[in-house]
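**Student:** Numbering (UniProt numbering), first residue to last: 1 to 89. A single structure is presented below for examination.
As structure tokens, then:
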């Protein structure tokens, strides 16, 4: 079992953007040179278009890591008590 500590941006204080520039994400099956794109075998852990680089998004990793018996600790406090607690637990 591994312990993974992520120090991410705090969640937006005013909330997430209510409207995005696009209604959906374009589907790409291969790159211009013919190389195939990555194709995950399992669900991504987030919906494409979601903000995953902040604390509540957890980079979309929690379900995958916990399913594989790893521990994910997420904080936005890069210098404070939450970071110390995460490192020393």
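Don't be surprised by glycine CBs; every beta carbon is placed ideally from N, CA and C.
Look at the Cβ atom of residue 75, then the Cβ atom of residue 55, and state whether they are nearer than 9 Å.
**Tutor:** Contact: yes.
**Student:** May I have the straight-line CA-CA distance separating residue 61 from residue 45, to the nearest angstrom?
**Tutor:** Taking the straight line from one Cα to the other gives about 6 Å.
**Student:** Hey, out of 50, 2, 12, 42, whose CA is closest to residue 22's CA?
**Tutor:** The residue with the shortest Cα to Cα distance from residue 22 is 50.
**Student:** Report the partner residues of residue 9 according to the DSSP bridge assignment.
**Tutor:** Paired residue(s): 54.
**Student:** Would you tell me roughly how many angstroms separate the C-alpha atoms of residue 10 and residue 39, rounded to the nearest one?
**Tutor:** Cα to Cα, the separation comes out at about 30 Å.
**Student:** Going by DSSP, what residue range makes up the alpha helix (DSSP H) through residue 65?
**Tutor:** Where residue 65 is concerned, the enclosing alpha helix (DSSP H) stretches over 62 to 67.
**Student:** Excluding five sequence neighbours on each side, which residues of the same chain lie with their C-beta closer than 7 Å to the C-beta of residue 36?
**Tutor:** For residue 36, where only same-chain residues beyond five positions count, the Cβ hits under 7 Å are 30.
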